[in-house]
Amino acid sequence: ALDASHPGIRPSPATSQQTTSTGCSYLDKIMGHMGLPLGNSLLVEEQSTTEFSSVLCKLFASQGVLNNRADSTSGNTHLIVLSSNQHFGKELPGLYKGSRKDIKKTKIEEEQSKVTVQNLSEQSNPTRYKDLKIAWRYKLGDENDGSSDSNRAVLDNEKKNYNNQFDITTRLVPAPTSSELSFISPIQPPQTVLVQLEQAIKRHERKLIRIVIPSL
Numbered sequence: 025a026l027d028a029s030h031p032g033i034r035p036s037p038a039t040s041q042q043t044t045s046t047g048c049s050y051l052d053k054i055m056g057h058m059g060l061p062l063g064n065s066l067l068v069e070e071q072s073t074t075e076f077s078s079v080l081c082k083l084f085a086s087q088g089v090l091n092n093r094a095d096s097t098s099g100n101t102h103l104i105v106l107s108s109n110q111h112f113g114k115e116l117p118g119l120y121k122g123s124r125k126d127i128k129k130t131k132i133e134e135e136q137s138k139v140t141v142q143n144l145s146e147q148s149n150p151t152r153y154k155d156l157k158i159a160w161r162y163k164l165g166d167e168n169d170g171s172s173d174s175n176r177a178v179l180d181n182e183k184k185n186y187n188n189q190f191d192i193t194t195r196l197v198p199a200p201t202s203s204e205l206s207f208i209s210p211i212q213p214p215q216t217v218l219v220q221l222e223q224a225i226k227r228h229e230r231k232l233i234r235i236v237i238p239s240l
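The opening residue of the sequence shown carries number 25 in my numbering; numbering runs sequentially from there.
Structural data, given as structure tokens:
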């Protein structure tokens, strides 16, 4: 069992077994555990010419990388990919930042938040100063609310670290490094693959190991 404080681990609501997110909240819910119980594997079988498996593999990988980066220590998660595609790490989807309207709104809010001492001068812009003063007052009011609000904020932050929403049209930046991702070529004898897999796992003991096989 891993440390329960790991940002990528939660107890399953069905069995209380330690569980990690697949990177897709819808798939997490379908599985009934709000994720994949540790020590288990998931096989995605395609129908016809669909490409869902490749997308899910990349979501699973991206989620592991973000879990690793959520920890300020030396890392808590390692990704092992059995594939001859050395560019797999550069193809992982990035975080979903909202619609174009949401992104524009966020940029505007960021610009408005860059307030200098000169901008706070009431003489230079009384109306703007009044608006900022009111906004600041409400902000302080939110911070001084009851413990229930702070608890809810903690839960929201925990949920964000456990499962992220991705945009498959973007790329994860920066791409995973060698300390976050290990490649093992499947084009070699099975015994050799197993030996290399075991060695990779031993190099990253006490970490959550995510093993991805993009294609069988």
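Built from N, CA and C at the ideal position, the CB exists for glycine as well.
DSSP, read as helix, strand or coil, puts Leu51 in helix. Secondary structure of Gly122 (DSSP, three-state): coil. Within the same chain, and ignoring the five residues on either side of Arg230 in sequence, the residues whose Cβ sits closer than 8 Å to its Cβ are Leu26.
As DSSP reads the structure, Asp27 sits in no beta bridge. A distance below 9 Å separates the beta carbons of Leu196 and Ser86.
Two segments are said to touch when three or more pairs of C-beta atoms, one from each, lie closer than 8 Å; by this definition the region 196-211 touches the region 103-114. The region 121-130 and the region 70-89 do not touch, with fewer than 3 CB-CB distances between them shorter than 8 Å. Taking the Cβ atoms as the reference, Ala38 lies roughly 5 Å from Gly56, within the contact range of under 8 Å. Thr130 is not bridged by DSSP to any residue. Scanning its chain for C-beta atoms nearer than 8 Å, with the 5 sequence neighbours on each side dropped, one finds around Pro31 the residues Asn91, Ala94, Asp95, Asn100, Glu182, Asn185, Tyr186, in chain order. Counting along the chain, no alpha helix (DSSP H) covers Arg230, and no H or E run does either. Here Ile233 has His102, Ile104, Ile225 as same chain residues with Cβ atoms under 7 Å from its own Cβ, once five neighbours each way along the sequence are excluded. Sorting Ile54, Gln223, Pro117, Val217 by C-alpha distance to the C-alpha of Ile237 places Val217 at the top. In the assembly as shown, Pro200 is a buried residue. Its beta-carbon has 16 or more other beta-carbons within 10 Å. Within the model, the alpha-carbon separation for Cys81 versus Ser137 is close to 38 Å.
The continuous beta strand (DSSP E) containing Gln42 extends over residues 42-44. Where Ser65 is concerned, there is no enclosing alpha helix (DSSP H), because DSSP gives it neither an H nor an E.
Linking Pro213 to Val219 through their CA atoms gives a straight-line distance of about 10 Å.
Secondary structure note for Ser239: it is in no alpha helix (DSSP H), with a DSSP letter that is neither H nor E.
Thr43 places its beta carbon 9 Å or farther from that of Leu67. Each residue's CA atom was taken as its position, placing Asn64 and Leu240 some 17 Å apart.
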